[in-house]
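Asker: Residue numbers (the numbering used here), protein chains in the order written: chain A, 56 to 546; chain B, 56 to 546. Supplied in structure tokens, the structure appears directly below.
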């Protein structure tokens with residue numbers, strides 16, 4: 056490739072990185088494990104954020120903002136939570152620097168040591184439930200349906216842009232309810248919101264399921280997830296929704312007086328998706344020519360490249376470009392007109408292919424004389440001459456087509472990559488040769504789960520919600536199982 | 056006040072805090088100096104953010120995201136910057152906790168010490184210019200017009216909700232330009248964006264000016280600002296825009312090849328506003344009954360309180376409420392219908408007065424029979440019976456009236472509080488008895504500026520951009536001055 060992108064077949068991992076850096080989505084930073092989200096990449100995240108935020112508001116949630124820092128002692132209040140979260144995180148120990156008496160730089164002022172260290176939030180359950188204690192007294196204060204858009208920090212050993220970074224951006228919903236049933240309902244409701252977003256906006260099919268005990272969020276009674284399949288046959292967890300029971304309410308002593316005038320502990324959920332979704336989006340749809348974006352999340356779903364030789368032609372071509380932009384704007388679709396004079400059209404074509412812009416329109420002088428423009432779609436590479444008459448309707452419906460086609464392509468790929476497997480040899484062989492999701496029986500024990508992971512690197516991604524009851528022997532132990540689960544190697 | 060709000064006259068400072076906590080805008084947190092922005096307060100910030108973000112985009116800026124952490128050594132690269140910023144900040148020294156062998160909690164793992172400490176960003180010039188070095192090679196890469204919405208941390212000794220908190224939310228624009236003129240133009244352009252936002256959205260008149268050398272941003276050649284006046288006669292800096300010259304480009308060695316094929320250092324600006332604006336908004340307009348919000352920034356500019364006695368009446372009243380909500384939604388105006396059954400209307404009236412909702416509509420059964428509703432405006436307290444015929448036009452124009460009236464009230468107040476003063480005794484007397492802005496001559500020296508501050512606590516808020524040339528003697532030293540400057544006590 057002239058663009059310097061490795062093919063997926065040659066080196067999938069390098070292909071992913073190449074797309075990120077060449078399409079200007081992100082850059083490395085001077086801080087280990089932290090990335091810079093560049094404007095084009097951030098614009099995708101902004102589109103995701105806008106759509107999700109509206110879905111959260113439509114389901115009755117409101118946004119708030121809690122502190123970045125968590126007092127160290129808070130983390131150890133919920134036993135399982137501290138085990139899972141308190142370990143690899145950024146610790147603030149001092150609050151002042153001073154001039155280095157021996158040099159020109161600055162050093163940490165040893166006299167400015169905090170009495171209690173502060174942890175940069177890896178997730179906010181503890182600091183939020185500490186506030187909920189104050190805010191919740193009566194059943195009238197419930198439900199409390201709060202979401203927060205924030206940055207969080209987890210000191211990861213191995214990082215990959217978007218998929219796993221030390222600092223990342225996310226949203227975390229934290230809700231409080233009067234009953235177990237209502238909290239469980241909320242957990243599933245938000246799982247469905249995530250699944251709808253993944254499928255309708257990201258054009259990425261997902262499987263809804265529940266995690267096994269060992270893969271649960273630290274402090275949860277149940278973790279629901281959506282699992283997507285990447286083009287290399289590995290799974291990616293794209294969002295989680297946790298039923299927390301009364302664990303955090305008990306840890307932070309959050310009680311309410313119910314309608315019968317009795318005190319009870321509050322029921323909780325939390326749920327989140329992060330900038331990891333941008334990584335999932337890249338991996339789900341892109342090809343060896345670069346990024347492929349679904350129209351609904353493209354920073355600009357249409358780019359116009361005007362081509363002209365004469366001054367008179369330039370005027371006409373740019374006038375049409377500007378008209379199309381205005382008409383589409385009224386339909387809620389952003390159009391970029393690239394009228395840069397110092398760059399050749401061929402270079403622009405390559406650039407927008409790399410950046411995954413769903414539709415490229417080329418307006419040339421000769422075509423224009425016949426009231427035609429060239430419309431090229433990124434997903435299939437097809438080009439067509441289209442009349443300027445009725446162009447906006449054509450573009451709108453073409454964007455819908457592209458969105459649907461990208462989804463279909465991913466769904467077809469995934470269908471082929473879900474394999475029912477009934478014995479161990481077949482399991483190992485499928486995992487090695489075909490990859491993807493393997494639907495198989497498991498005896499339900501953590502012991503078997505761990506053994507399988509150690510032997511094959513495959514984990515149980517989830518127990519799909521729509522899996523039917525079915526008797527069968529565990530692929531490893533042969534012990535009885537009531538339901539198939541989904542195995543895969545995963546990001 | 057039954058609501059438990061101190062009057063402004065009695066205790067201005069307490070009045071401010073009372074409004075914040077009683078109107079549910081924010082709460083204290085477990086972390087010293089950090090506040091929790093509660094949903095109602097955060098909704099105001101979201102409205103501000105939405106309007107500003109659109110203004111930034113309309114002026115050609117794009118959003119990106121840079122790391123939360125800054126390597127310690129970066130801060131000392133720009134000499135003035137480190138003096139102004141590197142001192143009071145949160146320092147991350149470790150990246151892991153471990154179980155306390157002597158107890159049940161967790162302790163910092165001493166083996167997980169960072170080689171170089173990380174600073175939680177107090178502002179991002181250094182980490183951003185370190186990237187710009189990679190991104191800028193040629194004049195074709197310029198201008199670079201990037202904005203970031205982020206949280207920042209400055210370890211403040213004395214904090215006040217919204218006005219000064221250890222962690223706060225803000226936006227920071229960081230632009231790079233090929234010429235000095237273009238960078239200066241950008242600095243003033245963004246100052247004007249801030250002024251427009253303050254006046255048209257916040258309904259808060261501001262004075263545009265430039266800071267004296269001693270009040271400049273650490274590392275800037277010029278700091279422009281907008282200054283607003285609060286009801287207690289103190290000034291509040293509401294936004295700043297800095298012309299950074301080539302200081303950061305030199306500190307981080309950011310050069311570009313110009314059109315003449317010569318290498319030059321890049322010219323820079325930075326500009327920011329923060330959640331402090333929410334504090335300014337509260338202080339600028341609110342009264343002893345609670346918050347007063349300008350319609351353009353109210354989370355919901357209209358609230359409807361339905362009152363009914365019969366089941367049949369309830370149905371009719373709620374139907375009309377829902378119709379009004381839909382019609383106004385189509386006009387882009389959010390309406391809240393408060394149909395809670397377990398709260399009395401009087402309680403609701405008090406609640407929405409406290410929360411500063413611009414218009415309250417009461418729909419009662421009897422009025423409805425005559426096709427009338429009661430419309431009350433928060434800013435003046437006026438109530439009127441309005442026909443349901445043509446109601447939506449009436450409401451839209453009433454919201455415009457309220458927006459304009461709130462602005463006018465603040466502007467009239469400020470006009471009365473700008474005093475031209477020509478000698479020292481008058482200066483001291485005006486400052487003590489009247490407060491507000493004092494327009495006076497100053498000899499231009501930091502020495503006099505410091506003396507005045509020590510003697511009176513008044514600082515030079517700015518040299519207003521529209522102040523005319525005028526000879527006169529400095530109020531303190533008597534030395535010649537060419538222009539009046541604006542003094543005030545300030546937040």
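Don't be surprised by glycine CBs; every beta carbon is placed ideally from N, CA and C. Fair warning: this is a prediction, and the values are worked out from it, not measured in the lab.
Does DSSP put residue 413 (chain B) in a helix, a strand or coil?
Answerer: DSSP places residue 413 (chain B) in coil when its eight states are reduced to three.
Asker: Per DSSP, which residues does residue 432 (chain B) bridge with? Please list them.
Answerer: Residue 432 (chain B) pairs with B:414.
Asker: Return the bridge partner residues of residue 527 (chain A) from the DSSP annotation.
Answerer: BP columns for residue 527 (chain A) point to A:536.
Asker: What span of residues does the beta strand (DSSP E) with residue 83 (chain A) cover, start to end?
Answerer: 81-83 is the extent of the beta strand (DSSP E) around residue 83 (chain A).
Asker: At the level of alpha carbons, what is the spacing between residue 416 (chain A) and residue 335 (chain B)?
Answerer: Cα to Cα, residue 416 (chain A) sits roughly 47 Å from residue 335 (chain B).
Asker: Let me know the secondary structure DSSP gives residue 206 (chain A) once reduced to three states.
Answerer: Strand at residue 206 (chain A).
Asker: Strictly under 8 Å for the Cβ-Cβ distance: is residue 93 (chain B) near chain A by that measure?
Answerer: So yes, residue 93 (chain B) belongs to the interface.
Asker: Quick one, are the C-beta atoms of residue 144 (chain B) and residue 243 (chain B) less than 8 Å apart?
Answerer: No, the Cβ-Cβ distance between residue 144 (chain B) and residue 243 (chain B) is not below 8 Å.
Asker: Helix, strand or coil, according to DSSP, for residue 195 (chain B) in the structure here?
Answerer: In this structure, residue 195 (chain B) counts as helix in the three-state DSSP scheme.
Asker: Residue range of the alpha helix (DSSP H) that residue 242 (chain B) falls in?
Answerer: Where residue 242 (chain B) is concerned, the enclosing alpha helix (DSSP H) stretches over 235-251.
Asker: On a CA-only basis, which of A:113, A:342, A:297 is nearest residue 328 (chain A)? Give me that one, please.
Answerer: Nearest of A:113, A:342, A:297 to residue 328 (chain A), Cα basis: A:297.
Asker: Taking 8 Å as the cut-off, does the segment 69-79 of chain B touch the segment 522-533 of chain A (at least 3 CB pairs, one atom from each stretch)?
Answerer: Verdict: no, contact absent.
Asker: Could you check if residue 544 (chain A) is buried or exposed, using at least 16 other CB atoms within 10 Å of its CB as the buried criterion?
Answerer: That one is buried.
Asker: So residue 518 (chain B) and residue 264 (chain B) are in contact, right, with Cβ under 8 Å, and what is the actual spacing, rounded?
Answerer: That belief holds up - the Cβ atoms of residue 518 (chain B) and residue 264 (chain B) are roughly 5 Å apart, short of 8 Å.
Asker: How many whole angstroms separate the CB atoms of residue 84 (chain B) and residue 177 (chain A), which I take to be in contact at a CB cut-off of 8 Å?
Answerer: With a Cβ gap of about 17 Å, residue 84 (chain B) and residue 177 (chain A) do not count as contacting.
Asker: Please list, in chain order, the chain A residues whose beta carbon lies closer than 7 Å to that of residue 160 (chain B).
Answerer: Correct list: 128, 131.
Asker: Are the CB atoms of residue 354 (chain B) and residue 102 (chain B) nearer to each other than 8 Å?
Answerer: Taking 8 Å as the Cβ cut-off, residue 354 (chain B) and residue 102 (chain B) qualify as a contacting pair.
Asker: Our contact map puts residue 311 (chain B) next to residue 233 (chain B) with C-beta atoms below 8 Å; I'd like the distance itself, whole angstroms only.
Answerer: 7 Å between Cβ atoms; contact.
Asker: Between the segment 320-349 of chain A and chain B, which residues of the former have CB atoms less than 8 Å from a CB of the latter, in chain order?
Answerer: Cβ contacts with chain B: none found.
Asker: Round the Cβ separation of residue 146 (chain B) and residue 147 (chain A) to the nearest angstrom and send it over; I've been treating them as touching at under 8 Å.
Answerer: That pair is a contact at about 6 Å.
Asker: Could you tell me how far apart the beta carbons of residue 190 (chain A) and residue 199 (chain A) are, in whole angstroms, since I believe they sit closer than 8 Å?
Answerer: With a Cβ gap of about 7 Å, residue 190 (chain A) and residue 199 (chain A) count as contacting.
Asker: Is it the case that the Cβ atoms of residue 111 (chain A) and residue 202 (chain A) are separated by a distance below 8 Å?
Answerer: In this structure, residue 202 (chain A) lies closer than 8 Å to residue 111 (chain A) by Cβ.
Asker: Could you name the residues of the segment 215-227 of chain A whose beta carbon sits closer than 8 Å to any beta carbon of chain B, in the order they occur along the chain?
Answerer: Per Cβ criterion, the list reads 222, 224.
Asker: Taking the alpha-carbon of residue 183 (chain B) as reference, which of B:504, B:129, B:260 has the nearest alpha-carbon?
Answerer: It is B:129.
Asker: Looking at the structure shown, is residue 478 (chain B) part of a helix, part of a strand, or coil, going by DSSP?
Answerer: Looking at residue 478 (chain B) - three-state DSSP - the assignment turns out to be coil, as it is neither helix nor strand.
Asker: Against chain A, does residue 377 (chain B) count as a neighbour if the rule is that its beta carbon must be under 8 Å from one of theirs?
Answerer: Chain A contact via Cβ: absent.
Asker: Using only CA atoms, which one of B:186, B:404, B:389, B:81 lies nearest to residue 395 (chain B)?
Answerer: For the residues B:186, B:404, B:389, B:81, the minimum Cα distance to residue 395 (chain B) belongs to B:404.
Asker: So if DSSP puts residue 449 (chain A) in a beta bridge, which residue, or which two residues, is it bridged to?
Answerer: Answer is none; residue 449 (chain A) lacks a bridge partner.
Asker: Please confirm if the segment 209-217 of chain B is in contact with the segment 225-239 of chain B, defined as three or more CB-CB distances below 8 Å between the two stretches.
Answerer: Output reads no: the segment 225-239 of chain B does not touch the segment 209-217 of chain B.
Asker: At the 8 Å Cβ level, is residue 307 (chain A) part of the contact set with chain B, yes or no?
Answerer: For residue 307 (chain A), the answer is no, since every Cβ of chain B falls outside 8 Å of its Cβ.
Asker: Chain B partners of residue 82 (chain A), CB-CB under 9 Å?
Answerer: In chain order: 186, 189, 190.
Asker: What first and last residue would you give for the beta strand (DSSP E) that runs through residue 283 (chain B)?
Answerer: Segment 277-284, the beta strand (DSSP E) holding residue 283 (chain B).
Asker: According to DSSP, which residues form a beta bridge with residue 60 (chain B)?
Answerer: BP columns for residue 60 (chain B) are empty, so no partner.
Asker: Distance, Cα to Cα, residue 288 (chain A) vs residue 339 (chain A)?
Answerer: If I take the Cα positions, the gap works out to 10 Å.
Asker: Under 8 Å, do residue 346 (chain A) and residue 410 (chain A) count as touching if we go by C-beta distance?
Answerer: Yes.
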